[in-house]
Amino acid sequence: RMAAAPPSYCFVAFPPCSRDGLVVFGKNSARPRDEVQEVVYFAAAEHEPGSKVECTYIEIEQVPKTHAVVLSRPSWLWGAEMGANEHGVCVANEAVLTREPASESEALLGMDLVRLGLERGATAKEALDVIVALLEEHGQGGNYYEDGSSCHTFQSAFLIVDRNEAWILETSGKYWAAEKITEGVKCICNQLSLTTKIDAEHPELRNYVKSQGWWNGDSDFNFSEVFSLADDHLACCSGRESLEKQGGDVSAQAMIDVLRDKDSGVCVDSESFLTTASIVSVLPQDPSFPCIHYFTGTPDPSRSIFKPFIFVDDVKLVPKVQSPSFGNDDPAKKIPRFQEKPDRRHELYKAHEWARSLLETDQDKGQKLMRIMLDLEKQGLEAMEDILSRTEILDPAEVVDLFYDCVDTELKFFK
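The structure is reproduced here in structure tokens:
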């Protein structure tokens, strides 16, 4: 039997389920327990004609201009588990299993496609078009984990969101289908979820599944039924009900609460997997307001705090949530890959490890620290709500070191 796909959860809520004309997006990234995620920012850039970009395993053509992006990513790879760009597009991926085994040959990873979609798409639909064109051209494949002893491969699903709409994109090899969402609450996890409502698809999708004998062409075409391994689709979304219960009041705080919920299984802490990082983004439908992206940069959202980031020019970089760089000596870049595992912990991760051990050894001190941290988070959330309720335009100088200061303050509390 194939190893299970990591149980990450991605959510989006649209008005009228969410508060005051806001689209709210969130993801818990479930990954191998000891993997470190970093939060990195790349400024918009222009590239020479003919230049290439080196992704995790393969090199592809670069485009003339890439958008500014902020990413939460496993620090050994090029792409990202989740992130946002300067145009208010958010993308998150899910590893999924389908009846077609995922390719072990090195191609683009689902995580590379997250970053490529963000760097090249100014709307959710543009990001989707970028991802499916790259799938067609380069395919997906290669090891999903930093593991020299065995190759873990998956197909990909994506939640792609902007201020107006979201797309759920599900893939198997280069074949894909997508559904457009403009209202309500949606959740995707490590199983296929698209059924008969398909708003865009690979032009050869239906012919291909007919030729494989997976669909006779007479019954309704149901993507999950055709591509799932067994009847494991549709039973996935435990967090969705709690968001729907908010009744028109899904806010950043409500999304954070859902991501912290261990009882529902949304916050994963199992023998093999841990929620190694989380994101929540608030995208106002009115484009005169800024989008706000909250990152933990540390594992287990129930013991981490969400810190806000807003795109402005010359945003201050935050080395304390960036893993050390090993350049070409990185075992992830040498063939055979992953022959050793370097220490990829960043400063915030190390401080957080100390705090976690305190929570486990000295309950009182640990709880007290957690209360201080949550209070800090609450101040950040309130300051951001204030920005979204103002009538005057935001002064970039006010938020240029926003994320930097939040990380810095968190580190000071740990010290």
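Under my numbering, residues 34 to 448 are what the sequence shown spells out, in order. Glycine included, every Cβ here is placed at the ideal spot set by N, Cα and C. Computed from a prediction, not measured in an experiment: that's the story for all the values here.
Practice item. From the DSSP output, in three-state form, read off E237 for me. Key: Residue numbering aside, residue 237 sits at position 204 when the sequence shown is read from its first letter. DSSP places E237 in coil when its eight states are reduced to three.
**Study point:** Straight-line Cα distance separating T424 from Q224
**Key:** The residue labelled residue 224 in the question sits at position 191 within the sequence shown. The residue labelled residue 424 in the question sits at position 391 within the sequence shown. Approximately 42 Å, taken between the alpha carbons.
Practice item. Taking only runs that begin and end inside the stretch 190–248, name each unbroken beta strand (DSSP E) of 3 or more residues, in chain order. Key: 199–205, 208–214, 218–221
Check your understanding: Which residue spans inside the stretch 370–431 form an unbroken alpha helix (DSSP H) run of at least 4?
Key -> If we require 4 residues or more, the alpha helix (DSSP H) runs fully inside the stretch 370–431 come out as 380–394, 396–422.
Review point. Any idea if A430 is buried or exposed, counting beta-carbon neighbours within 10 angstroms, 16 or more meaning buried?
Key: Taking the first residue of the sequence shown as 1, we reach residue 430 at position 397. Per the 10 Å Cβ criterion, exposed.
Check your understanding: To which residues of the same chain is N255 closer than 6 Å at the C-beta, ignoring the five residues directly before and after it?
Key -> Mapped onto the sequence shown, residue 255 falls at position 222. So the list reads T228, T229, once near-sequence residues are dropped.
**Study point:** Three-pair Cβ contact test at 8 Å for the stretch 64–76 versus the stretch 291–299
**Key:** no
Check your understanding: DSSP puts S311 in a beta bridge; with which residues?
Key -> In the sequence shown, counting from the first residue as 1, residue 311 sits at position 278. DSSP output for S311 lists N61 as bridge partner(s).
Exercise for review: Can you grab the Cα-Cα spacing for the pair P40 / F306, in whole Å?
Suggested key: Taking the sequence shown and counting its residues from 1, one reaches residue 40 at position 7. Taking the sequence shown and counting its residues from 1, one reaches residue 306 at position 273. When rounded, the distance between both Cα atoms is 8 Å.
Exercise for review: Mind checking which residues open and close the beta strand (DSSP E) that includes A46?
Suggested key: As a working mapping, residue 46 is identified with position 13 in the sequence shown. 42–46 is the span of the beta strand (DSSP E), which, as asked, contains A46.
Practice item. Give the C-beta separation of L202 and I193 to the nearest angstrom, bearing in mind that I take them to be a contact with Cβ-Cβ under 8 Å. Key: Indexing the sequence shown from 1 puts residue 202 at position 169. Indexing the sequence shown from 1 puts residue 193 at position 160. About 6 Å; that satisfies the 8 Å criterion.
Check your understanding: Tell me, which residues are paired with D302 by DSSP?
Key -> As a first step, residue 302 must be located in the sequence shown, where it is residue number 269. Partner(s): L307.
**Study point:** L444 - partner residues in DSSP beta bridges
**Key:** In the sequence shown, the residue the question calls residue 444 occupies position 411. None; L444 has no bridge partner.
Point to revise | Beta-carbon separation (whole angstroms), V73 vs L110, contact threshold 8 Å | key: Along the sequence shown, one-based indexing puts residue 73 at 40. Along the sequence shown, one-based indexing puts residue 110 at 77. Actually they do not touch by this definition, with Cβ atoms about 11 Å apart.
Review point. Beta carbon of R370, beta carbon of N176: below 9 Å?
Key: In the sequence shown, counting from the first residue as 1, residue 370 sits at position 337. In the sequence shown, counting from the first residue as 1, residue 176 sits at position 143. In this structure, N176 lies closer than 9 Å to R370 by Cβ.
Review point. How would you write the range of the beta strand (DSSP E) that H326 sits in, first residue to last?
Key: Along the sequence shown, read from residue 1 onward, the residue named residue 326 stands at position 293. Note, H326: beta strand (DSSP E), 325–328.
Exercise for review: Measuring alpha carbon to alpha carbon, tell me which of C222, L161, P334 ends up nearest V122.
Suggested key: The residue given as residue 122 occupies position 89 in the sequence shown. Closest option to V122, Cα to Cα, is L161.
**Study point:** Neighbour-count burial assignment, S51, 16 or more Cβ in a 10 Å radius
**Key:** What you label residue 51 is simply residue 18 of the sequence shown in a count that begins at 1. Buried, because 16 or more other Cβ atoms sit within 10 Å of the Cβ of S51.
**Study point:** Range of the contiguous beta strand (DSSP E) that encloses V103
**Key:** Residue mapping note: residue 103 aligns to position 70 of the sequence shown, counting from 1. Start and end: 102–107.
**Study point:** Distance between P323 and H266 (C-alpha atoms, nearest Å)
**Key:** Within the sequence shown, residue 266 is the residue found at index 233, counting from 1. Within the sequence shown, residue 323 is the residue found at index 290, counting from 1. No answer about H266 holds up, because its pLDDT of 49 lies below 50 and its placement is not dependable.
Exercise for review: Measure the CB-CB distance between E386 and R378 and report whether it falls below 9 Å.
Suggested key: Position 353 of the sequence shown, counted from the first residue, corresponds to residue 386. Position 345 of the sequence shown, counted from the first residue, corresponds to residue 378. Yes, they are a contact pair.
Practice item. Using only alpha-carbon positions, find the residue among A37, G59, R293 that is nearest to V129. Key: Residue numbering aside, residue 129 sits at position 96 when the sequence shown is read from its first letter. Comparing Cα positions, the closest option is A37.
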